[in-house]
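Each remark here refers to the structure printed beneath this line.
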Ligand SMILES: Cc1ncc(C[n+]2csc(CCOP(=O)(O)OP(=O)(O)O)c2C)c(N)n1
Ligand SMILES: Cc1ncc(C[n+]2csc(CCOP(=O)(O)OP(=O)(O)O)c2C)c(N)n1
Ligand SMILES: [Mg+2]
Ligand SMILES: [Mg+2]
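Protein chains in written order, with our numbering: chain A, 90 to 433; chain B, 90 to 433; chain C, 288 to 611; chain D, 288 to 611.
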């Protein structure tokens, strides 16, 4: 039932040549832009955080951008995805603008939630985005339900969500995975194995080496890929989405990666052996993809630099816009507990 | 890590010769007495239920007695076990008297809970018995905690509990199993695969064939045995208890069996194909054990009959005693919400 | 029109909504093949098939979560808890996910969560729960708790049509003990509206569900002595029909809130607190709570009788307040 | 003696109990290596080792259950929820297992469940919870919610020594904002006893935790006008110190219950209902609740400020009641 392979060669190492891809050059260039956008938006947020402009905590995905981008890039327009707090990239792929992100993190009135909720806690079904709650694991049953709706409505969209190594220990993950398997719904679960749950190494969260082993308890097909190879992630996700769309039921993809910062900006990750950071720095997904593009002659240095420059220019504007935007009116706190409208 | 075998030959079939055993003849005779006691107590309860003497529902274990008896018989005096509602046999092995069971089911004042709780919902740590709550799955983390205490206290007792096929789909089962694995505590979980969760066949509860596959998600060693072979159950449990006691961490034993009645006395099990009942009747654990004793010349027909007669005589008395015993005084309802005593 | 039971009325309401709206579906344990532990969904699998009557594994958080996800995509799930006590296992999903979703990001979650609740059936601590107070504090939820056959029918239809997460509690003691008739053209009954079950002038008993019948029984008896008790049936507990609550309090000046739950932390406390704050100047006596004792639900009949309110206990308290 | 923070006081109490009693151990997420999200358990792993400071996987029901099991076997676990909001995932274990165990079969479960609670830190809906009302209804539990450094220390020591399941909430806004001194011979403070934080004659504000400081601030301001407010700090919410509650109500005849939670279904409602029933004849004005609005906790500061009670809102209500 469960099939852990074929393991992409890079899976263990997370280095070397990237996977073969079906993406056109133009698409790969777009992937590059998204990767850069993901990282640079987070760099801006880090600056804003240090300037005390971010309200509350700041959570980043440095080193894991290839996962958010590669997985979401494989989705179709009608598919629905529920990103976690480290999946900014998935939101960017679905068309979330930097302004939305900056205003959310700065609690502005013009943010997607109007200041009601924080950071990446927002969604928009028009763009196929579901918002998380903080309780880890909860999105798995909920997205199984999104997938169930597709099945009941006889529509072809699939549901996708993410779970960290830590999150796979929650009861809701278990109930959601098992239910999705029994109901045979088109759910794709991306399990990000990044070595830590806050300060807790995977070894203290579970006695198994691969998150994919969790899937065997449900009879859900699982595969493992190098999470720092955006192309491998994309191809594996695409295959799973196709399988799910074709009626193959839920699929689980384990991506091996590493969290290159602390749990959040306030956490200096002193508990992480320095060597690990060095080892994984060499596997940076963006650097590797850049090398792939240049080595393959898919893009020139100049082209890539101009992409980055464009992104930076956009972010200059969006940061200023966000900073200039007002806080919400206090009375808004009263609005929206119930849906008051008529049948909608 | 997970090791599903060696599968006892009888495991699939649940028929034929019983497993070799390390039990003495005297012990095997005692096992026989307990098996009979288990079944006959339940027969008496069924009669009492039909006479309207049982307060609330009645849950039986017909066809599964070999599991409760075989597993609990392998426990040491200091070990702690948490039976579920179908594990009357385990309680009898731990010294629970028929009178305790009858008074519980009839809500009498002299019952172990004094009328506060129902059926087999009672415990007594002096006899190494923990009471369940109705919510399935809850006992797994709790018994993991009992096992954790043994580890922290550097004592050699182990903890054992049961879970049905249905119960393995609960989040609490998952959290408890994973935590037990990570903390490497001496917990033995007996997974009773009896084909149904109430009216729901295993096929609609999970997409896996063996409950043992659940264990692979935790890196917990698992084995499968024929649950209708009391000796196989005993030997497998004993081995797992030894492994756990020796520091081998949690163990899971899947026992293949079949629920020979409805979910409870009120349920006629109309949803169960008649053939299944016939097939499994031939595998009745008590009949098989009886054949084993007689064929092996371990006991004579007369000896076995006199054991049964003794049990019946005891039950005649205990049923009458229970029927004659009073209901609790109403004001008792106020007592015991908190432990009021001093440091105990 | 023939008489039907409280249980039949709920089934009928679900049936009528399923026939009227293809997005309505049922999900829960043993609701299909078996028709539910109380046979409330009997026959529905046969009419609507497995896509609309879904038997699930034992995973309350799992299927409540799935119901939430499907509701966001345009479905109208009706979730059954085999016994409402098991709602505890879905607490996070209900309170944190369903309850806050619309407030946090504007996405509605039309879902009904229903199941057999309440005691007086020797169900002991885990098959007798009245969960209203556990959920009343959670913003974004609605709570419905009918006490008559007509309300069970009309309120269930409204609950299914509501755009918000609705907890619909069904007192199992009433399932087959009360009967009524539902006219072919019976309309949905709006959520959020209490009902004067019996008009009176001297004292108001505010209650709902099974206790409604205890209140009516007491009022009946006292009427023989010429004591006129008003009985207000809340029907919807959240949002509370404060207007109706304050109106009856102001009218009689004496109020007892009668509920089947431990007194401490009870839903009755919320009702009493509102009256005490907003109708204070109209009160001629303290607002009293007649609830259960502060213990888990005990099993043995003498203990459970002691635990539960009944007409005699209520009458005794009424007399005290009338003398006040 | 040097001043220590509210957070330090809790750590000190745990440390003192761990040194005094080898059966006391800690279990939760990131409490060992990391010392806890708020560093409350920093240094304890180093002193007591991994057997007594246990880092767990993310499984609240799992480790609460394990704590319960170990407590039955003679251990005294102190469970940390990284944020108290995650207690929702252990609701069944706490309410149904820990809460009912002693009543059902006589087996005590001495366990403390603690964690950072409360808002005013822009934590939004899932990092700002005040869960007291969700658990007040559950028989068998105790609930402690300190508001001063001294109480945090003394009540935590008593909570760990208590033979029953105790929920110990720590308002994170106070963690590093208030200071105090703990004498070397500081004794445990008994659970179940409220404390008059400020004596007064004209109106009583009954409160606890962070709101205690809002009440004292308001009382301070009003004192300048010669208005004497009594402030009662409940400290233990369950079992409630009814005697102290009724005493202050009878003394001043005017009461406001001030809590940081939505008004509907609030713990404040329980307190108000008891006063309204048992001190009615001593009241000169309605018992008022000053709580939050009935919404999830909003994130943006202007919204959260609107959501939360504060001294000005309290003073406004006090004036209304004094004019009554
Ligand atoms: C049910 C629950 N318990 C605790 C937390 C607190 N918490 C937030 S993130 C986190 C670690 C998550 O680790 P992992 O799932 O591996 O995701 P990662 O941060 O590595 O991306 C924890 C414990 C939570 N959000 N939900
Ligand atoms: C959390 C929870 N949900 C629902 C139930 C209701 N219930 C009681 S027994 C049962 C079926 C259990 O099946 P299984 O675990 O296979 O045990 P078996 O009855 O076959 O021994 C169900 C659904 C419950 N007890 N707990
Ligand atoms: Mg991780
Ligand atoms: Mg079963």
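Each residue gets a CB set at the ideal place from its N, CA and C atoms; glycine is no exception.
Beta-carbon proximity of residue i to residue j, cut-off 9 Å
| i | j | result |
| --- | --- | --- |
| residue 359 of chain C | residue 219 of chain A | yes |
| residue 374 of chain A | residue 341 of chain A | no |
| residue 325 of chain B | residue 334 of chain B | no |
| residue 294 of chain A | residue 245 of chain A | no |
| residue 302 of chain D | residue 334 of chain D | yes |
| residue 126 of chain B | residue 381 of chain B | no |
| residue 552 of chain D | residue 424 of chain C | yes |
| residue 545 of chain C | residue 407 of chain C | no |
Interface partners of residue i on chain B, CB under 9 Å
| i | result |
| --- | --- |
| residue 400 of chain D | Near residue 400 of chain D there are no residues of chain B at all, since even the closest Cβ is about 13 Å away, more than 9 Å. |
| residue 308 of chain A | 295, 296, 297, 298 and 302 |
| residue 322 of chain D | The premise fails here: residue 322 of chain D is roughly 20 Å from chain B at the closest Cβ pair, so nothing lies under 9 Å. |
| residue 258 of chain A | 263, 264, 267, 268 and 271 |
| residue 372 of chain D | Those do not exist, as residue 372 of chain D stays about 17 Å from chain B at its closest Cβ, beyond 9 Å. |
Beta carbon proximity, residue i to chain E, threshold 9 Å
| i | result |
| --- | --- |
| residue 295 of chain A | Among the protein chains of the structure shown, namely A, B, C and D, there is no chain E. |
Where residue i meets chain A, residues with beta-carbon distance less than 9 Å
| i | result |
| --- | --- |
| residue 278 of chain B | Result: empty, since nearest Cβ-Cβ is about 14 Å, beyond 9 Å. |
Beta-carbon neighbours of residue i, restricted to chain B and to distances below 8 Å
| i | result |
| --- | --- |
| residue 350 of chain C | Those do not exist, as residue 350 of chain C stays about 10 Å from chain B at its closest Cβ, beyond 8 Å. |
| residue 603 of chain C | Under the 8 Å cutoff, chain B gives no residues; its nearest Cβ is about 16 Å from residue 603 of chain C. |
Span separating the alpha-carbon of residue i from that of residue j
| i | j | result |
| --- | --- | --- |
| residue 61 of chain A | residue 377 of chain C | Absent from the structure is residue 61 of chain A, since the part of chain A shown begins at 90 and ends at 433. |
| residue 471 of chain C | residue 458 of chain C | 24 Å |
| residue 516 of chain D | residue 507 of chain D | 9 Å |
| residue 601 of chain C | residue 576 of chain C | 10 Å |
| residue 387 of chain C | residue 543 of chain D | 28 Å |
| residue 527 of chain C | residue 492 of chain C | 16 Å |
| residue 489 of chain C | residue 609 of chain C | 8 Å |
Under 8 Å by beta carbon: chain C residues contacting residue i
| i | result |
| --- | --- |
| residue 144 of chain B | 409, 586, 587 and 588 |
| residue 451 of chain D | Here the premise fails: no neighbours, minimum Cβ distance about 14 Å. |
Interface partners of residue i on chain A, CB under 7 Å
| i | result |
| --- | --- |
| residue 344 of chain C | 267, 268 and 271 |
Partners in chain C for residue i, counting only beta-carbon separations shorter than 9 Å
| i | result |
| --- | --- |
| residue 222 of chain B | 412 and 413 |
| residue 567 of chain D | 563, 570, 572, 573, 574 and 611 |
Any non-hydrogen atom of ligand 6 within 8 Å of residue i CB
| i | result |
| --- | --- |
| residue 152 of chain B | Ligands in the displayed structure: ligand 1, ligand 2, ligand 3 and ligand 4; ligand 6 is not one of them. |
Close Cβ partners of residue i (< 7 Å) along its chain, the five nearest in sequence each way excluded
| i | result |
| --- | --- |
| residue 179 of chain A | 157, 160, 161, 170 and 172 |
Proximal chain D residues relative to residue i, where beta-carbon distance stays under 9 Å
| i | result |
| --- | --- |
| residue 404 of chain C | Under the 9 Å cutoff, chain D gives no residues; its nearest Cβ is about 14 Å from residue 404 of chain C. |
Same chain only: Cβ atoms within 6 Å of residue i, ignoring 5 sequence neighbours per side
| i | result |
| --- | --- |
| residue 352 of chain A | 287 |
| residue 98 of chain B | Any answer about residue 98 of chain B is weak, because its pLDDT of 38 lies below 50 and its placement is not dependable; what the coordinates show is given next. Excluding residues within five positions, none has a Cβ falling inside 6 Å. |
| residue 505 of chain C | 598, 601 and 602 |
| residue 204 of chain A | 196, 198 and 417 |
| residue 384 of chain D | 355 |
| residue 176 of chain B | 157 and 251 |
| residue 225 of chain B | 256 and 259 |
| residue 210 of chain B | 220 |
Under 7 Å by beta carbon: chain B residues contacting residue i
| i | result |
| --- | --- |
| residue 317 of chain C | 287, 288 and 289 |
| residue 305 of chain A | 302, 305 and 306 |
Beta-carbon neighbours of residue i, restricted to chain D and to distances below 7 Å
| i | result |
| --- | --- |
| residue 382 of chain C | 375 |
| residue 206 of chain A | 411, 412 and 586 |
Practice prompt. Output, in sequence order along the chain, the residues in the region 226–237 of chain B whose CB is closer than 9 Å to any CB in chain D.
Written response: Cβ contacts with chain D come from 226, 227, 228, 229, 230, 231, 232, 233, 234, 235, 236 and 237.
Worksheet item: What residues from the region 297–311 of chain D come within 7 Å of chain B, judged by C-beta to C-beta, listed N to C?
Response: So nothing in the stretch comes that close.
Practice prompt. Closer than 9 Å, Cβ to Cβ, to anything on chain C: give me those residues from the region 422–437 of chain D, in chain order.
Written response: Flagged, chain order: 422, 423, 424, 425, 426 and 427.
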